[in-house]
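Using my numbering, you'd call the opening residue of the sequence shown number 2 and step up by one each time. Backbone N, C-alpha and C define an ideal beta-carbon position, used for all residues, glycine too. Quick caveat, the model's predicted, so the values are computed rather than measured. Single-structure report; data block below.
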Amino acid sequence: MNPSATLNQDNSALLVWSSRLTNIILVVLLAIFSARLIWHLFPVQPDLFLTISNTALPVKPAAPRSSAHSLAAQIGRTYPFGRIEVAPSPAPAAPIVTTPLNLTLKGIFASRDEPRAIISENGQADYVYGEGSPLPGNATLEKILSDRIILIRNGQRETLYLPKDTLDPSSSGSFNPGIPTPSGPSSYSPPSPPSSFTPPSQAAPSVTPGSFTAQPVLQPQRSGTTVDARELRAKIINDPASLSQFARISPAVENGHIAGYRVFPGAMQGQLAKYGLKPGDIITSINNIPLNGSRPISQIYNIVAKNSQVQVNLIRNGQRLTKQFQLR
């Protein structure tokens with residue numbers, strides 16, 4: 002190969018690359034001058050540019066690790082299961098004072114359905130009241146207990162006790178045949194007496210017991226056991242509450258006044274018929290002592306204890322009858 006020909010080819014290639022490089026440089030320069038010209042003709046606001054500051058940003062320190070105890074306390078303060086409101090302890094009840102009213106509690110008939118209290122005012126006639134009944138002195142009978150009554154007067158609770166001499170078992174003025182004292186109030190008013198009954202001539206106080214719906218008589222437990230008069234007398238003398246085995250009694254009331262006592266079968270069936278009595282008989286007197294509430298119940302037990310023969314006056318279906326009983 003000819004050396005001169007090879008040299009000419011190299012020079013031609015060099016000229017081509019030089020021309021291309023020059024064009025590239027001219028294009029770059031032209032772009033720079035064009036950009037400057039545009040920035041000069043259309044200046045840009047300085048606040049549009051991002052400014053990098055060397056000021057160090059504050060770093061929030063990491064929270065210290067909480068212990069299990071403090072974590073549990075924080076969870077508890079959030080009440081995740083709701084807040085329990087604890088009611089304040091009630092204030093202690095004020096003591097119940099003895100009523101200053103001139104009332105005397107003569108007797109108590111504590112029963113499951115219709116508890117009643119025999120009360121007299123100023124030594125006058127005795128009257129029967131039930132829970133919820135108005136009492137003399139603008140009071141209301143709230144509750145009847147085994148040895149006292151609770152009444153409300155001027156919004157305050159007051160108590161009236163049985164006299165101490167009637168709390169002796171041998172002369173009890175309270176009849177409670179093994180039945181617990183009721184815990185809730187109930188309305189009461191006396192049942193109607195027989196059509197032929199004439200109430201005593203004593204004037205009735207102006208107080209009238211509350212309204213009442215007659216309750217059915219509870220059926221006693223059936224038993225064929227019987228006792229003779231001597232055994233019955235001994236039982237009643239030793240335990241007055243045992244009278245409920247022979248008969249159940251309840252006051253027969255007219256306008257709040259006791260007219261006598263109704264008798265119904267007790268736990269031992271057949272005892273009333275054995276002594277000539279029938280359910281619903283109203284016993285008005287024993288040995289000519291009226292059972293109108295004017296005398297304490299203890300006198301009835303004394304009659305049974307001291308006498309071998311007892312005369313009973315009663316009302317049956319509007320008719321007055323007299324029965325004689327041998328107790329020995």
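Pairing ARG117 with VAL98 gives a Cβ-Cβ distance that is not under 7 Å. By the neighbour-count criterion, in which a residue is buried when 16 or more other Cβ atoms sit within 10 angstroms of its Cβ, GLN272 is buried. Pairing PRO266 with PRO280 gives a Cβ-Cβ distance under 7 Å.
Annotation: the continuous beta strand (DSSP E) that includes ALA260 extends over 258-266.
When C-alpha distances from THR105 are compared across LEU136, GLU115, PRO96 and GLU132, the shortest belongs to LEU136. If you compare the alpha carbons of GLY131, ASN139, ARG154 and GLN157 with that of ILE145, the shortest gap goes to GLY131.
Annotation for LEU273: the continuous alpha helix (DSSP H) segment containing it runs 272-275. Here the C-alpha atom of THR160 lies approximately 41 Å from the C-alpha atom of ALA274. Around the beta carbon of GLU115, 16 or more other beta carbons lie within 10 angstroms, which makes this residue buried. Secondary structure of GLN246 (DSSP, three-state): helix. Burial check for GLN327: the Cβ neighbour count within 10 Å stays below 16, so the residue is exposed. Closest in C-alpha terms to GLY138, from the list GLU122, GLY261 and PRO291, comes GLU122. For the pair VAL311 and ILE284, the CB atoms are not nearer than the 7 Å cut-off.
Separation of ALA140 and GLY277 (C-alpha to C-alpha, rounded to the nearest whole angstrom) is 43 Å. Secondary structure note for ILE109: its beta strand (DSSP E) is the uninterrupted segment 104-110. For GLU143, the enclosing beta strand (DSSP E) has its first and last residue at 140-145. Under the 10 Å beta carbon count, HIS258 is surrounded by 16 or more other beta carbons and is classified as buried.
Under a 10 Å Cβ-count criterion, ARG249 is classified as buried, with 16 or more other Cβ atoms of the shown protein chains found around its own Cβ. Under a 10 Å Cβ-count criterion, GLU255 is classified as buried, with 16 or more other Cβ atoms of the shown protein chains found around its own Cβ. Between the beta-carbon of GLY261 and that of LEU292 there is about 5 Å, and that keeps the pair under the 8 Å contact cut.
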